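Protein chains in written order, with our numbering: chain A, 30 to 338; chain B, 30 to 338.
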């Protein structure tokens, strides 16, 4: 059994339009790298963090907390050192904390000979995610661990469904570098919503799941609407409407807020369209004072990847 | 081309648990029979109604109104006589008016050489359904016309999706012969619902669509929950809780209100379980003063059937 492993822990998109709080998908080429190695000394030790300034104390680090949850259950005869090379900016809305929380438990599970399945890993990772987002949720963790599209059917008991991913589906992400406080993104949501809006939303989600099963890109497009959350949270993202209009004009199948923002995601059929969408949405932000990054990638159906050490 | 046709127009279940207002399925063996024949005289004529006392005036009869909507568009060089042998009791909650509204347009379309597709027929039938239920909806019409499970993605524009039906799925229906006024069933619903309940509902609907695609009976069972509508409408159906408990105890995958009631539906894997469920729920009502009927049948994946004349 290996004593050290290097992994790629992907960025993810949660709250996919009509799938608020339940549907997510996994990105490719954008993610953190982590090296985890066994140590004789029991416990979890964060030994290196590159990229962003995050806490080294295990109990304050999401990767540390999820790892602690795992070893508390597994009780291995060793400890683990974790090195994190963070590429996903915290607060970007594409699952930065989820990548850390999921990556550490995935890597440790590999080093222990895979005693846990993906749902169990998601459960441990939720403990880490909770310290970043103040509540337990799995909508970024599930796609990071399972890959592709995932539907979190329920949190308690934790049940995650893997929804098929049509082959030609590409994501285009824009991350405007503004801060959207999670607390503000939550506070802006109503606690009650009109029944009619809820019906529209679940009709679209049912339809989207059907479309993903049947490779129906046009139906994916007709289903990617969010009448419940977007009207509120889009107010927190400057130029959201213009970005959406430009993206749809360039062929995006659908455009929405990634997670609780500020990133905006698009889905397209084929990489060429996805790149055209990138150009169109860059054009909106490049005339503003806001810095931004964009990414184009295939949907990552594998999730976590083991890299050669 | 035939001048006369005899059809079976099936009963249906709408508002399938988590699929309020959007998801329906089609029953087998329970339905109306209709004979429709061409006449030289233009127009629509209801010439015979057996079973229940319903209006003969075309404009007041749901089968008549939907037929008028069709011929207004088709402008055929003939008229049609309609005989209705009504087996589905009006007000039972298993799509009685939908069977009439859908049957007439299906039959006329056949006699005209099928100029219209199923979605167009549903559109015409909605005009008839509207006079029975005071608003246009398609959640009983769609399964009657398409068969199997259908998801009404949207009414305007009308878009209906056919969701796969697992082979061993059987329905058990109990119709307690009480009156639930549609107006009361509507008035009892809240106009706003908690966002958290909506999320639970759409997680279950997404999960149910996935389960129907993957023939996962256990997941069908875990998805057949209605946290939004049932807590209100079940109050209008005496002994609903006991029926549900008995049904689930007998192996039902899920139990809910059919349409706006008073009928209660169950889904089971295999006819034997479906019959056990029937026995269990009959036992609840047989000690009460309420008359009731029960039905056990396979899910009807064909929808409308042409019978030999």
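Don't be surprised by glycine CBs; every beta carbon is placed ideally from N, CA and C. Note that this is a predicted model, so its numbers are computed, not measured.
Practice prompt. For residue 92 of chain A, verify whether its CB is less than 8 Å away from any heavy atom of the ligand PLP.
Written response: Among the components modelled here there is no ligand, and therefore nothing to report on the ligand PLP.
Worksheet item: When DSSP builds the beta bridges, which residues end up paired with residue 38 of chain A?
Response: Beta-bridge pairing links residue 38 of chain A to A/61.
Practice prompt. Would you please verify whether the beta carbon of residue 230 of chain A is less than 9 Å from any beta carbon of chain B?
Written response: Closer than 9 Å to some Cβ of chain B, the Cβ of residue 230 of chain A qualifies, so yes.
Worksheet entry | Boundaries of the beta strand (DSSP E) in which residue 87 of chain A is found, first to last residue | Per DSSP, residue 87 of chain A belongs to no beta strand (DSSP E) and is neither H nor E.
Worksheet item: Would DSSP call residue 204 of chain A helix, strand or coil?
Response: Annotated three-state conformation of residue 204 of chain A is strand, per DSSP.
Discussion item. For residue 329 of chain B, count the other beta carbons within 10 Å of its own beta carbon; 16 or more makes it buried, fewer makes it exposed. Which is it?
Written reply: Around the beta carbon of residue 329 of chain B, 16 or more other beta carbons lie within 10 angstroms, which makes this residue buried.
Worksheet item: Of the residues B/319, B/145, B/211, B/51, which one's Cα is nearest the Cα of residue 178 of chain B?
Response: Nearest option by C-alpha distance: B/51.
Fill in: Proximal residues to residue 312 of chain A (C-beta, below 8 Å), its chain only, five neighbours per side dropped
The beta carbon of residue 312 of chain A is closer than 8 Å to those of 275 in its chain, skipping five residues each way along the sequence.
Worksheet entry | Residues from the segment 55-74 of chain B in contact with chain A, defined by Cβ distance under 7 Å | Within the segment 55-74 of chain B, no residue has a Cβ that lies closer than 7 Å to any Cβ of chain A.
Practice prompt. For the segment 187-221 of chain A, enumerate the residues whose C-beta is nearer than 8 Å to any C-beta of chain B, in chain order.
Written response: Taking 8 Å as the Cβ-Cβ cut-off against chain B, the residues of the segment 187-221 of chain A that qualify are 188, 190, 192, 218, 219, 220, 221.
Worksheet entry | Terminal residues of the beta strand (DSSP E) in which residue 322 of chain B lies | That run of the beta strand (DSSP E) goes 321-327.
Practice prompt. Using alpha carbons as the reference points, say which of A/270, A/92, A/79, A/266 lies closest to residue 158 of chain A.
Written response: Per the Cα distances, A/92.
Worksheet item: Quick one, which residues of the segment 175-186 of chain A are near chain B if we go by CB-CB under 8 Å, in chain order?
Response: Listed in sequence order: 180, 181, 182, 183.
Worksheet item: So, are the CB atoms of residue 101 of chain A and residue 66 of chain A less than 9 Å apart?
Response: For residue 101 of chain A and residue 66 of chain A, no; Cβs fall outside 9 Å.
Fill in: Contact set between residue 52 of chain B and chain A, taken where Cβ atoms lie within less than 8 Å
Simply 235.
Discussion item. Please tell me whether residue 339 of chain A has its Cβ less than 9 Å away from any Cβ of chain B.
Written reply: There is simply no residue 339 of chain A to check, as chain A begins at 30 and stops at 338 in what is shown.
Worksheet item: residue 295 of chain B to residue 231 of chain B, Cα distance in whole Å?
Response: When rounded, the distance between both Cα atoms is 20 Å.
Worksheet entry | Under 8 Å from the C-beta of residue 224 of chain B: neighbouring residues of chain A | Within chain A, the residues near residue 224 of chain B are 218, 219, 220, 221, 222, 257.
Worksheet entry | Contact list for residue 48 of chain A against chain B, beta-carbon separation under 8 Å | What residue 48 of chain A touches in chain B: 231, 235.
Worksheet item: Which residue from B/46, B/137, B/332 puts its Cα closest to that of residue 289 of chain B?
Response: Of B/46, B/137, B/332, the residue nearest in Cα terms is B/46.
Worksheet item: Along chain B, which residues have their Cβ under 8 Å away from the Cβ of residue 239 of chain A?
Response: Here the neighbours are 180, 190, 192, 238, 242.
Worksheet item: Roughly how many angstroms separate the alpha carbons of residue 153 of chain A and residue 104 of chain A, rounded to a whole number?
Response: Distance between the alpha carbons of residue 153 of chain A and residue 104 of chain A: 14 Å.
Worksheet entry | Reference residue 213 of chain A; option with closest CA among A/242, A/266, A/128 | When C-alpha distances from residue 213 of chain A are compared across A/242, A/266, A/128, the shortest belongs to A/266.
Worksheet item: If you compare alpha carbons, which of B/272, B/121, B/112 is closest to residue 73 of chain B?
Response: In terms of CA proximity to residue 73 of chain B, B/112 leads the group B/272, B/121, B/112.
Worksheet item: Is there at least one Cβ from chain B nearer than 9 Å to residue 170 of chain A's Cβ?
Response: For residue 170 of chain A, the answer is no, since every Cβ of chain B falls outside 9 Å of its Cβ.
Worksheet item: Name the DSSP beta bridge partners of residue 199 of chain B, please?
Response: B/297, B/327.
Discussion item. Among the candidates B/69, B/60, B/245, whose CA atom is the shortest distance from the CA of residue 80 of chain B?
Written reply: Checking every option, the nearest Cα to that of residue 80 of chain B belongs to B/60.
Worksheet item: With a cut-off of 8 Å, do at least 3 Cβ pairs link the segment 257-273 of chain A to the segment 159-174 of chain A?
Response: The answer is no - the segment 159-174 of chain A does not touch the segment 257-273 of chain A, with fewer than three Cβ pairs under 8 Å.
Worksheet item: Which partner residues of residue 192 of chain B appear in the DSSP bridge assignment?
Response: Under DSSP, the beta-bridge partners assigned to residue 192 of chain B are B/178.
Practice prompt. For residue 227 of chain A, decide whether its Cβ has a neighbour in chain B, counting only Cβ atoms nearer than 9 Å.
Written response: At least one chain B Cβ lies under 9 Å of residue 227 of chain A.
Practice prompt. Can you check DSSP and say which residues form a bridge with residue 74 of chain B?
Written response: Checking the DSSP bridge columns, you'll see residue 74 of chain B partnered with B/110.
Item to complete: Give the straight-line distance between the Cα atoms of residue 34 of chain B and residue 122 of chain A, rounded to the nearest whole angstrom.
Response: The alpha-carbon atoms of residue 34 of chain B and residue 122 of chain A are separated by roughly 60 Å.
Worksheet item: Should residue 239 of chain A and residue 180 of chain B be called a contact, given that it needs their Cβ atoms to be closer than 9 Å?
Response: Contact: yes.
Item to complete: For residue 218 of chain A, I'd like the list of residues in its chain whose CB is within less than 6 Å of its CB, leaving aside the five on either flank, ordered along the chain.
Response: Hits under 6 Å: 261.
Item to complete: State the CB to CB distance for the pair residue 173 of chain B and residue 41 of chain B, rounded to an integer number of angstroms; the pair is presumed to be in contact (CB under 8 Å).
Response: Right, their Cβ atoms sit about 5 Å apart.
Item to complete: Check whether the Cβ atoms of residue 223 of chain A and residue 229 of chain B lie closer than 9 Å to each other.
Response: Cβ distance not < 9 Å, so residue 223 of chain A and residue 229 of chain B don't count as in contact.
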